[in-house]
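S.K.:
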Amino acid sequence: MTKRNKDNVYQVYDEIIDWFDNARTKDLTMEKSYLNFIQNHLPLKSKILDVGCGTGEPIAKFLINAGYIVTGIDASKKMIELCKQRFPKEQWLIADMRTLDLNEKFDTVIAWHSFFHLSHEDQRSTLKLLGSYVEQNGLFIFTSGPEYGEVWSDNGGHELYHASLSTEEYKQILIDNNFKVLIHKIRDPECGGATVWVAQKS
Numbered sequence: 001m002t003k004r005n006k007d008n009v010y011q012v013y014d015e016i017i018d019w020f021d022n023a024r025t026k027d028l029t030m031e032k033s034y035l036n037f038i039q040n041h042l043p044l045k046s047k048i049l050d051v052g053c054g055t056g057e058p059i060a061k062f063l064i065n066a067g068y069i070v071t072g073i074d075a076s077k078k079m080i081e082l083c084k085q086r087f088p089k090e091q092w093l094i095a096d097m098r099t100l101d102l103n104e105k106f107d108t109v110i111a112w113h114s115f116f117h118l119s120h121e122d123q124r125s126t127l128k129l130l131g132s133y134v135e136q137n138g139l140f141i142f143t144s145g146p147e148y149g150e151v152w153s154d155n156g157g158h159e160l161y162h163a164s165l166s167t168e169e170y171k172q173i174l175i176d177n178n179f180k181v182l183i184h185k186i187r188d189p190e191c192g193g194a195t196v197w198v199a200q201k202s
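Going by UniProt numbering, the first residue of the sequence shown is number 1, and it counts up by one from there.
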């Protein structure tokens, strides 16, 4: 296994799409409480941006079936092609979250297990950028690492890069961009050990 594509992890996902789609848990056992949180806060037909949407399952699928209008972005062309096949009525865009340029805002922006593939520097700028697409009173949900650092982990025979800022830096960036942290769970045992952030824009 080699460490490569630190700045373009999506290129690896193009290569491991079949492995990823088979390995990705589809039953929502881990994510359900956070998706329920969205349902409790957003009326039907609200607009949701899924950043790093992958193959569209299970998160986008759940949101679509729940009655939300979903736009998904991913830098992996093959991931987006699969999303279009599975959910042809939704909008799926090949886009890099670091340079995202859309002409609309959303009631929720969610970056689940995607944002943490960015470098520290890119996370600082992209967190602000993604936050700018959230409507007032809207939600911003993302996963991060539990503490400041960088790691590589095996995914389908490839070493993929992950990074995290510190808890305090994430909080400060959110506060500086008019967000209030509603939920922050480090290594949530009911969510597969994920570190989850839920913030609301004021």
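Beta carbons: idealized from backbone N, C-alpha and C, even for Gly.
For T143, name the three-state secondary structure that DSSP assigns.
M.R.: Here T143 sits in strand by DSSP.
S.K.: Go ahead and label S202 buried or exposed: buried means 16 or more other beta carbons lie within 10 angstroms of its beta carbon, across all protein chains shown.
M.R.: Classification for S202: exposed.
S.K.: Which complete beta strand (DSSP E) runs does the segment 23-81 hold, if anything under 3 residues is left out?
M.R.: Complete beta strand (DSSP E) runs here, min 3: 47-51 and 69-74.
S.K.: Is F87 helix, strand or coil when you go by DSSP?
M.R.: Three-state result, F87: coil.
S.K.: So, do the segment 125-140 and the segment 105-114 have three or more beta carbon pairs nearer to each other than 8 Å?
M.R.: With the cut-off at 8 Å, the segment 125-140 and the segment 105-114 touch.
S.K.: If I'm right that I173 touches R98 with Cβ under 8 Å, what's the distance once you round it to whole angstroms?
M.R.: Rounded, the Cβ-Cβ distance is 15 Å, inconsistent with contact.
S.K.: Check G149 in the structure and name its three-state DSSP category.
M.R.: Three-state result, G149: strand.
S.K.: When burial is assigned at 16 or more other CB atoms within 10 Å of the CB, is I38 buried or exposed?
M.R.: Under this definition I38 is a buried residue.
S.K.: Here's the rule I'm using: 16 or more other beta-carbon atoms within 10 Å means buried, otherwise exposed. How should E31 be labelled?
M.R.: Per the 10 Å Cβ criterion, buried.
S.K.: Please go through the same chain and pick out, in chain order, the residues whose beta-carbon is closer than 7 Å to the beta-carbon of V134, but skip the five residues on each side of it.
M.R.: Answer for V134: K105, F106, V109, F140 and K201, listed in chain order.
S.K.: Is M30 near the ligand NAP, going by C-beta to nearest heavy atom under 7 Å?
M.R.: Looking for the ligand NAP in the displayed structure turns up nothing, as the structure carries no ligands at all.
S.K.: Drop a sphere of 10 angstroms on the beta-carbon of T29, count the other beta-carbons inside from all chains shown, and report buried for 16 or more, exposed for fewer.
M.R.: Exposed, since its Cβ has fewer than 16 Cβ neighbours within 10 Å.
S.K.: Is G131 helix, strand or coil when you go by DSSP?
M.R.: Of the three classes helix, strand and coil, the one that applies to G131 here is helix, per DSSP.
S.K.: How would you call D101, buried or exposed, if buried means at least 16 neighbouring beta carbons within 10 angstroms?
M.R.: The residue is exposed, with fewer than 16 neighbouring Cβ atoms inside 10 Å.
S.K.: Using alpha carbons as the reference points, say which of N177, H158, S153 and C53 lies closest to A199.
M.R.: Nearest option by C-alpha distance: N177.
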